[in-house]
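Taking it in order: structure first as structure tokens, then the write-up.
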Amino acid sequence: MNKEMVSARLVDLLTSRLGMDKALLNSENFDLMLTGDVFMFGDIDMAYLFCEVEKAFSIRIPREMLDDYGFSTLNKIADIVLKLHD
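Each residue of the sequence shown is one higher than the last, beginning at 7 in the working numbering.
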């Protein structure tokens, strides 16, 4: 699995499970904070996304990977998934 595959799967997850507009999910936005002005995720959205990512990729994300905003952008989430799939 590579980063492009993980990113594509994240886009599918966000559009199918969270109903996000696919137009927002372009590569330029993958480094933007999910809680910022573009995505506007709230705390419940983040918790739901966390659970959906664990389920979709069959992983358990350890607490220490959440330090320093480790789950704050789509690129950071993709990096976590890749690290746990090594």
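Don't be surprised by glycine CBs; every beta carbon is placed ideally from N, CA and C.
C-alpha distance - residue i paired with residue j, whole-angstrom precision
| i | j | result |
| --- | --- | --- |
| Leu19 | Ile50 | 16 Å |
| Gly48 | Asp92 | 30 Å |
| Val12 | Phe45 | 19 Å |
| Leu31 | Ala53 | 19 Å |
| Glu70 | Leu90 | 13 Å |
| Thr21 | Ser33 | 15 Å |
| Leu72 | Leu55 | 13 Å |
Enclosing alpha helix (DSSP H) for residue i [first to last residue]
| i | result |
| --- | --- |
| Arg13 | Rather than Arg, the amino acid found at residue 13 in this sequence is Ser. Counting along the chain, the alpha helix (DSSP H) containing Ser13 begins and ends at 9-22. |
| Tyr75 | That residue, Tyr75, is in no alpha helix (DSSP H); it is neither H nor E in DSSP. |
| Val87 | 80-90 |
| Leu55 | 49-63 |
Expected contact under 8 Å - CB spacing of residue i and residue j to nearest Å
| i | j | result |
| --- | --- | --- |
| Ala84 | Lys9 | 6 Å |
| Gly76 | Ile86 | 6 Å |
| Leu88 | Met7 | 7 Å |
The stretch 52-65 contacting the stretch 8-27, beta-carbon criterion three pairs below 8 Å:
By the C-beta criterion, the stretch 52-65 is judged to be in contact with the stretch 8-27, since at least 3 inter-stretch pairs fall below 8 Å.
When the Cβ atoms of the stretch 34-48 are set against those of the stretch 64-81, are three or more pairs found closer than 8 Å?
Yes: at least three Cβ pairs fall under 8 Å.
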